[in-house]
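J.:
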Amino acid sequence: MNVRTLIAVAAFALAAPSASHAQVLPASEGPVVYGHHHLNTTDMAAQKKFFADTLGGKVRHIGSGDREQDVIEFPGVLIFFRPMQKPTGGSIGTTVNHIGFSVPDLSTLVPKIKAAGFKMITSDSVAATVKVTNDIAAASPTTNIAFALGPEDVKVEFVEVKAQKAPIQLHHIHFFGEKNIEMQAWYAKTFGAKMLTANPGSAFVQDQLPGVFLNFSPSPAPTVGTTGRSIDHIGFEIRGLEAFTKKLEADGLKLDRPYTKIPALGIAIAFIKDPWGTNIEMSEGLDTVK
3 MNVRTLIAVA AFALAAPSAS HAQVLPASEG PVVYGHHHLN TTDMAAQKKF
53 FADTLGGKVR HIGSGDREQD VIEFPGVLIF FRPMQKPTGG SIGTTVNHIG
103 FSVPDLSTLV PKIKAAGFKM ITSDSVAATV KVTNDIAAAS PTTNIAFALG
153 PEDVKVEFVE VKAQKAPIQL HHIHFFGEKN IEMQAWYAKT FGAKMLTANP
203 GSAFVQDQLP GVFLNFSPSP APTVGTTGRS IDHIGFEIRG LEAFTKKLEA
253 DGLKLDRPYT KIPALGIAIA FIKDPWGTNI EMSEGLDTVK
């Protein structure tokens with residue numbers, strides 16, 4: 003299989019994870035939930051045009067002092083930015099190939115994305131055997147998907163879930179790697195994600211955490227880590243973060259940044275990398291950040 007993404011089963015879309023209407027799922031949903039994407043950028047205006055004006059995210063101003071910043075909120079996830087940090091490349095070719103949202107109707111969203119001047123890359127992102135009409139791919143008889151290239155080459159997938167009430171919400175993170183089965187097992191062991199049974203014909207394997215799927219596709223070409231790229235790191239929100247980091251260290255995993263409190267945001271953070279170079283921030287308190 004080449005690097006094109008083929009989604010061959012309807013269950014992927016129809017079993018969309020439930021998402022809170024708050025920015026991040028509360029800790030009561032589980033000890034580990036998904037928290038945020040963190041992007042490098044030199045063009046915040048373009049980022050806001052894409053994620054807020056076009057996709058419908060809500061711009062929020064948070065923090066104080068040197069931690070003041072704008073973030074964009076979607077049900078289930080916050081998008082943070084490192085303004086004035088030029089990415090060394092887009093997300094394609096890294097271990098985090100793209101991020102995914104679910105929407106109830108692609109036929110209205112896709113024209114809106116194009117009208118805003120952003121490029122659809124659906125035909126380049128699915129197998130040649132998949133029918134693509136008006137930049138929407140019929141991945142199965144009941145599943146439609148589309149791909150866009152956001153500012154600074156952030157690849158974004160949209161999965162149509164017709165029964166969804168929210169206009170847009172977090173759906174998945176899609177990892178690419180030569181050892182995708184090992185990646186699936188590592189995230190299940192490290193973060194307690196549930197390993198899902200692969201459906202016949204599926205081009206990838208999955209884990210699931212409250213509010214998000216973690217998808218892992220095999221890549222025939224080597225991938226690089228995320229640090230410095232347009233998607234610099236992904237973020238998990240963890241209840242009892244300090245104890246969690248101590249357990250990781252006891253299990254032999256090295257922290258890139260130890261448990262650290264950030265008073266200006268009222269949160270605590272720590273960093274780790276997966277064995278394939280994905281930069282991961284772990285946080286506690288994002289559900290109440292101001």
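Residue numbers (the working numbering): 3 to 292.
Positions of the beta carbon are idealized from the N, C-alpha and C atoms, including for glycine.
(1) Taking just the CA atoms, how far does Asn136 sit from Leu255?
(2) Confirm, please, whether the CB-CB distance from Arg241 to Pro77 is below 8 Å.
(3) Looking only at DSSP bridge pairs, what is Phe82 linked to?
(4) Could you tell me the boundaries of the beta strand (DSSP E) in which Ala140 lies?
(5) Classify Thr247 as helix, strand or coil using the three-state DSSP reduction.
(6) Cutting at 7 Å between CB atoms, please list the residues of its own chain near Ile183, excluding the five before and the five after it.
(7) Please classify Ala24 as buried or exposed, where buried requires at least 16 other C-beta atoms within 10 Å of its C-beta.
(8) What are the boundary residues of the alpha helix (DSSP H) that Asn182 is part of?
(9) Apart from the five residues on each side of it in sequence, which residues of its chain come closer than 8 Å, Cβ to Cβ, to Ala118?
(10) Which value, in whole angstroms, describes the spacing of the CA atoms of Ile282 and Val214?
(11) Using a Cβ-Cβ cut-off of 7 Å (strictly less than) and excluding sequence neighbours within five positions of Gly65, which residues of its own chain qualify?
(12) Below 8 Å on the Cβ atoms is my guess for Thr97 versus Phe177; work out the distance and round it to an integer in Å.
(13) By a C-beta neighbour count over all protein chains shown, 10 Å radius and 16 as the cutoff for buried, is Thr144 buried or exposed?
(14) Can you tell me whether Arg62 is helix, strand or coil according to DSSP?
(15) Could you tell me which residues DSSP pairs with Leu211 in its beta bridges?
(16) When you compare the CB positions of Thr90 and Gly227, do they come within less than 8 Å of one another, or not?
(17) Contact between the stretch 104 to 112 and the stretch 161 to 180 is defined here as three or more beta-carbon pairs at a separation below 8 Å; is this criterion met?
(18) Tell me the rounded alpha-carbon separation between Tyr261 and Ala272.
(19) For a test of the three-state rule: what should DSSP assign to Arg69, helix, strand or coil?
(20) Run the CB neighbour count on Gln87, radius 10 Å, all protein chains shown included, and call it buried at 16 or more, exposed below.
(21) Taking its Cβ as the centre, do 16 or more other Cβ atoms sit within 10 Å of Ser127, making it buried, or is it exposed?
(22) Of the residues Ser204, Phe218, Tyr189 and Leu257, which one's Cα is nearest the Cα of Val35?
(23) Could you give the DSSP three-state label for Thr280: helix, strand or coil?
(24) Roughly how many angstroms lie between the CA atoms of Glu180 and Gly67, to the nearest whole one?
(25) Identify which residue in Ala270, Gln49, Thr290 and Val132 has its Cα closest to the Cα of Pro153.
(26) Excluding the 5 residues preceding and the 5 following Gly287 in the sequence, name in chain order all residues of the same chain whose CB lies nearer than 7 Å to its CB.
(27) Just curious, the beta strand (DSSP E) that Thr262 is in, first and last residue?
(28) Should Glu239 and Asp289 be called a contact, given that it needs their Cβ atoms to be closer than 8 Å?
T.: Straight from the coordinates:
(1) Here residue 255 refers to the residue found at position 253 when the sequence shown is read from its first residue. Here residue 136 refers to the residue found at position 134 when the sequence shown is read from its first residue. Using only the alpha carbons, I get a separation of about 46 Å.
(2) Here the question's residue 77 lines up with position 75 in the sequence shown. Here the question's residue 241 lines up with position 239 in the sequence shown. Cβ atoms of Pro77 and Arg241: not closer than 8 Å.
(3) For this step, residue 82 is matched to residue 80 along the sequence shown. DSSP, once it has assigned bridges, lists His40 as partnering Phe82.
(4) By 1-based counting over the sequence shown, the position of residue 140 is 138. Run containing Ala140: Ile138 to Ser142, per the beta strand (DSSP E) assignment.
(5) Here residue 247 refers to the residue found at position 245 when the sequence shown is read from its first residue. Residue state, collapsed to three classes: helix.
(6) Along the sequence shown, one-based indexing puts residue 183 at 181. Within the same chain, Ile183 has close Cβ partners Val207.
(7) As a working note, residue 24 is residue 22 in the sequence shown. Reliability fails at Ala24, whose pLDDT of 42 lies under 50, so the model's placement of it is uncertain and no value is given.
(8) The count along the sequence shown starts at 1 and reaches residue 182 at position 180. Here the alpha helix (DSSP H) through Asn182 covers Asn182 to Phe193.
(9) Taking the sequence shown and counting its residues from 1, one reaches residue 118 at position 116. Lys51, Phe52, Asp55 and Thr56.
(10) Here residue 282 is taken as the residue at index 280 of the sequence shown, counted from 1. Here residue 214 is taken as the residue at index 212 of the sequence shown, counted from 1. If I take the Cα positions, the gap works out to 16 Å.
(11) Translated into the one-based positions of the sequence shown, residue 65 becomes position 63. The residues are Gln71, Ala266 and Leu267.
(12) In the sequence shown, the residue the question calls residue 97 occupies position 95. In the sequence shown, the residue the question calls residue 177 occupies position 175. Going by Cβ atoms, the distance from Thr97 to Phe177 rounds to 6 Å, so yes, they are a contact pair.
(13) Along the sequence shown, one-based indexing puts residue 144 at 142. By the neighbour-count rule (16 or more Cβ atoms within 10 Å), Thr144 is not buried but exposed.
(14) Translated into positions along the sequence shown, residue 62 becomes position 60. Note: Arg62 maps to strand in three-state DSSP.
(15) Your numbering for residue 211 matches position 209 in the sequence shown. Val214, per the DSSP bridge assignment.
(16) The residue labelled residue 90 in the question sits at position 88 within the sequence shown. The residue labelled residue 227 in the question sits at position 225 within the sequence shown. In this structure, Gly227 does not lie closer than 8 Å to Thr90 by Cβ.
(17) yes
(18) Here the question's residue 261 lines up with position 259 in the sequence shown. Here the question's residue 272 lines up with position 270 in the sequence shown. In a straight line, the C-alpha of Tyr261 is about 5 Å away from that of Ala272.
(19) On the sequence shown, residue 69 is found 67 positions in, with the first residue counted as 1. It is helical.
(20) On the sequence shown, residue 87 is found 85 positions in, with the first residue counted as 1. So Gln87 counts as exposed.
(21) Working through the sequence shown from its first residue, we reach residue 127 at position 125. Label assigned to Ser127: buried.
(22) For the purposes of this step, residue 35 is identified with residue 33 of the sequence shown, where counting begins at 1. Of the candidates Ser204, Phe218, Tyr189 and Leu257, the one whose C-alpha sits nearest the C-alpha of Val35 is Tyr189.
(23) Taking the first residue of the sequence shown as 1, we reach residue 280 at position 278. Thr280 falls in the coil class under three-state DSSP.
(24) Mapped onto the sequence shown, residue 180 falls at position 178. Mapped onto the sequence shown, residue 67 falls at position 65. Going from the Cα of Glu180 to the Cα of Gly67 covers about 43 Å.
(25) For the purposes of this step, residue 153 is taken as residue 151 along the sequence shown, with counting starting at 1. Of Ala270, Gln49, Thr290 and Val132, the residue nearest in Cα terms is Gln49.
(26) The residue given as residue 287 occupies position 285 in the sequence shown. Once the five neighbours on either side are set aside, the close Cβ partners of Gly287 are Gly268, Ile269 and Ala270.
(27) Taking the first residue of the sequence shown as position 1, residue 262 is located at position 260. Segment Leu257 to Ile264, the beta strand (DSSP E) holding Thr262.
(28) Your numbering for residue 239 matches position 237 in the sequence shown. Your numbering for residue 289 matches position 287 in the sequence shown. In this structure, Asp289 lies closer than 8 Å to Glu239 by Cβ.
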